[in-house]
Amino acid sequence: MRRATVLTDAPGANASATIARFCSWLHRRRRSGPEITSTRLSAPSFALLQTTWLAPVPEEAKVRARYRVEARDANGNIELVDLDVKYAKVHVLPPIGKQKEYPPLDLTLIHATERKTPKNRERIEWKLITNLPVRSRQEAIEKMQWYELRWKIEVFHKILKSGCRAEDSKLRTAERLVNLIAVFCIVSWRIFWMTMLNRADPDASPSLALTPAEIALLDKLVPDKTKPTSKSLAHYINKIARLGGYLDRAKDPSPGNMVIWRGLQRLAAAVFGAEAIENCG
184 MRRATVLTDA PGANASATIA RFCSWLHRRR RSGPEITSTR LSAPSFALLQ
234 TTWLAPVPEE AKVRARYRVE ARDANGNIEL VDLDVKYAKV HVLPPIGKQK
284 EYPPLDLTLI HATERKTPKN RERIEWKLIT NLPVRSRQEA IEKMQWYELR
334 WKIEVFHKIL KSGCRAEDSK LRTAERLVNL IAVFCIVSWR IFWMTMLNRA
384 DPDASPSLAL TPAEIALLDK LVPDKTKPTS KSLAHYINKI ARLGGYLDRA
434 KDPSPGNMVI WRGLQRLAAA VFGAEAIENC G
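Start counting the sequence shown at 184; every next residue gets the next number (the numbering used here).
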C-alpha cells in the first residue's frame, strides 16, 4: 500500500472534509492491491472519525514527546515555543452494508499543543492524521517535522505560480510543458533559497548566491542609504528587494519572496543589457 500523511490545521468542517478526502484516497489506493478494495467513507463512519478528530487524544492521556518550534507574534518577533505531543490510534470502519467488501483503516492521530498561552498571537495547536506507523516519540516527531515544512512548500508553489506564472503557459505539448516547468522550478528554488538564506545566515558572503557581475551592477544601480559596515549577503539581498519595490525602512521585516522575485527580474535584465553592450563594443 502506498503510504501518505495528511497534514492539516484547518478547524471544524474544513478539517473534517480533509480527513474524508484522505480516507477516500487511501481506500482508492488500496484498490490497486490484490486483496484490498474500498470506497469513500459514508456519513455514519465519518461521524466517528470527526468526533475523534475534534478530540483526538483524551485529556488524561500522557504526553509522549516535546517538540520545539519557532513562532512569530503579531509584531513580527520570533520566539521558540514548546509543544506537548500526544498520539493515539483510531480504527476507521468502512461504510455500513459494505464491510464484507471493504477493509477498515488503522490510522494514527497526533495532537500537539503549545504548553503556555501566548499574549500576542494565537496558541499553536496541530492535529495530524496519518497511516504511517507511529510507535515511538521519534516517529511522532518525524511527522511533526514534515508538517513544519508545509508553509515552505506552499511558498515555493506560490513563487512557481504567481511569480513564474506557470499556469499561464500556452504550450501545447506535454514535453514542452515539462521542460518549461523544470526551468521554472530552478528559478523558483533560487528565489526561495536566497530569501531563506538571507534570514538564516545574513552575514554570509554575497558570492555564495550572486555572480561578480550581479554584485557590481547592484552597487551601481542601487545606491547605499547609509555607509554599510560590511557588504554581506543581506546587504545585496536588500538591494535586490529594493529593485522589486522593497522600501527597506528601519522597522520593515526581511524582504519576502515576491519583492526578491521582481528585483531579480530587473537585475537579470540589467545583466543581459550590460553583457550585450560589452560584447557589441
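Cβ atoms here follow ideal geometry from the backbone N, Cα and C, with glycine treated the same way.
On a Cα-Cα basis, can you pick out the residue from the options that is closest to residue i?
i, options, result
"Arg291", "Val361, Lys299, Tyr270, Lys302", "Position check: residue 291 holds Thr in this sequence, whereas Arg was assumed. It is Tyr270 whose Cα lies nearest to the Cα of Thr291."
"Arg382", "Gly428, Ala457, Ser437", "Ser437"
"Arg449", "Lys422, Lys326, Arg355", "Lys422"
"Arg320", "Asn362, Arg249, Val454, Trp444", "Arg249"
"Asn303", "Ala453, Leu343, Ala417, Glu262", "Glu262"
"Leu400", "Leu447, Arg373, Ala349, Ala295", "Leu447"
"Val246", "Pro277, Glu297, Leu288", "Glu297"
"Pro417", "Ala452, Met379, Arg445, Ala451", "Note on residue identity: the sequence assigns Ala, not Pro, to residue 417. For Ala417, the nearest C-alpha among the options comes from Met379."
"Glu331", "Lys310, Glu350, Leu315", "Lys310"
"Asn314", "Lys272, Asp351, Ile420, Ala451", "Lys272"
"Tyr419", "Asn440, Pro389, Leu404", "Pro389"
"Asp289", "Val317, Ile279, Lys299, Thr300", "Val317"
"Gly346", "Val275, Val264, Trp444", "Trp444"
"Gly439", "Arg425, Ala451, Ala433", "Arg425"
"Pro287", "Phe455, Val275, Trp334", "Val275"
"Trp334", "Lys299, Phe375, Glu322", "Phe375"
"Val405", "Pro385, Ser413, Ala387, Gly428", "Gly428"
DSSP three-state call for residue i: helix, strand or coil?
i, result
"Ile293", "strand"
"Thr378", "helix"
"Ile312", "strand"
"Tyr270", "strand"
"Arg348", "coil"
"Glu461", "helix"
"Ala451", "helix"
"Glu325", "helix"
"Val366", "helix"
"Ala417", "helix"
"Leu232", "Residue placement at Leu232 cannot be trusted, given a pLDDT of 35 that sits under 50; the coordinates are not used to answer."
"Leu360", "helix"
"Leu426", "helix"
"Val405", "coil"
"Leu393", "coil"
"Val442", "helix"
"Arg320", "helix"
"Arg333", "helix"
"Lys341", "helix"
"Ser371", "helix"
"Leu354", "coil"
"Ala387", "coil"
"Ala399", "helix"
For residue i, which beta-bridge partners are listed by DSSP?
i, result
"Ile261", "Arg255"
"Tyr250", "Leu266"
"Leu288", "Val275"
Below 8 Å, is the gap between the Cβ of residue i and the nearest heavy atom of the ligand MG?
i, result
"Leu290", "Of the ligands one can find in the structure shown there are none, so the ligand MG has no counterpart to examine."
Flag this pair as touching only if the stretch 272–286 and the stretch 247–256 have three or more C-beta atom pairs under 8 Å; answer yes or no.
no
Whether or not the stretch 401–412 and the stretch 331–340 are in contact is what I'm after, with contact meaning three or more pairs of Cβ atoms, one per stretch, closer than 8 Å; do they touch?
no
Are at least three pairs of beta-carbons, each pair with one atom in the stretch 297–315 and one in the stretch 340–357, less than 8 Å apart? no
**Asked** Can we say the stretch 358–369 touches the stretch 389–404, given the rule of at least three CB pairs closer than 8 Å?
**Response** no
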